[in-house]
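Novice:
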Amino acid sequence: MSGGGTETFVGYEAATSGGDKKRDSLGTTGSPAHLIIKDLGEIHSRLLDHRPVIQGETRYFVKEFEEKRGLREMRVLENLKNMIRETNEHAIPKCRETMQDNLDQVLQRLHAATDSVCRLQQREQERKKPHQSVSCGAASPGPLQSQFPPGISCLSLPVLQCTCVHTHTRLNPEKIIP
Numbered sequence: 001m002s003g004g005g006t007e008t009f010v011g012y013e014a015a016t017s018g019g020d021k022k023r024d025s026l027g028t029t030g031s032p033a034h035l036i037i038k039d040l041g042e043i044h045s046r047l048l049d050h051r052p053v054i055q056g057e058t059r060y061f062v063k064e065f066e067e068k069r070g071l072r073e074m075r076v077l078e079n080l081k082n083m084i085r086e087t088n089e090h091a092i093p094k095c096r097e098t099m100q101d102n103l104d105q106v107l108q109r110l111h112a113a114t115d116s117v118c119r120l121q122q123r124e125q126e127r128k129k130p131h132q133s134v135s136c137g138a139a140s141p142g143p144l145q146s147q148f149p150p151g152i153s154c155l156s157l158p159v160l161q162c163t164c165v166h167t168h169t170r171l172n173p174e175k176i177i178p
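Numbering-wise, the UniProt record's numbering puts 79 at position 79 of the sequence shown, and it's gapless, one number per residue.
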């Protein structure tokens, strides 16, 4: 120890013992050896035992990490909230409006396409059975009613081949206007 520490020790010993009493053991409370051991333990714990410092640093790091993470997550949640609000206020009504506007047109085109497919199927069936008697299946009987097979309408034939009294027009799905 340094000279300052020794002087304190000598002065403390002179004051407490009075010079006559002999020390029996180093373990008595208040003895200079006990104080030195206590001081050495404290110095040892401060210099070599870093657990309190590490625990403090760890607590500080965790606190800062949680604050930064919390702020980042709050920003993400705020952005999500804004996106959802914008979607609900603008995008969904616009999509509904567009869907309603186009749904009727799509249904009309679908109906026209279905009719065209039915006519094509009927023509194909007619081509497979060329020598059968033919009768008109239109609403009002025409003069050539016996020319078409049952279940086949004159609407299924090309306009040039149909000679009944009905007026026939072909549906073009691209020219249908709602």
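Cβ atoms here follow ideal geometry from the backbone N, Cα and C, with glycine treated the same way.
Would you tell me roughly how many angstroms separate the C-alpha atoms of Arg127 and His90, rounded to the nearest one?
Specialist: 55 angstroms
Novice: Ends of the alpha helix (DSSP H) at Glu57?
Specialist: Arg51 to Glu86
Novice: Going by DSSP, what residue range makes up the alpha helix (DSSP H) through Val38?
Specialist: The question names Val, yet the displayed sequence has Lys at residue 38. Pro32 to Leu47 is the span of the alpha helix (DSSP H), which, as asked, contains Lys38.
Novice: So what does DSSP say about Lys129, is it helix, strand or coil?
Specialist: coil
Novice: Count the other CB atoms within 10 Å of the CB of Gln125; is the residue buried (16 or more) or exposed (fewer)?
Specialist: When all chains shown are included, Gln125 counts as exposed.
Novice: Within 10 angstroms of its Cβ, does Gln105 collect 16 or more other Cβ (buried), or is it exposed?
Specialist: Burial state of Gln105 is exposed, judged by a 10 Å Cβ sphere holding fewer than 16 other Cβ atoms.
Novice: Within 10 angstroms of its Cβ, does Gln55 collect 16 or more other Cβ (buried), or is it exposed?
Specialist: exposed
Novice: Let me know if Gln121 comes out buried or exposed under the rule of 16 or more other beta-carbons within 10 Å of its beta-carbon.
Specialist: Gln121 comes out exposed.
Novice: Taking only the alpha-carbon atoms, compute the straight-line gap between Arg119 and Lys81 and give it to the nearest angstrom.
Specialist: Looking at the two C-alpha atoms, the distance is approximately 53 angstroms.
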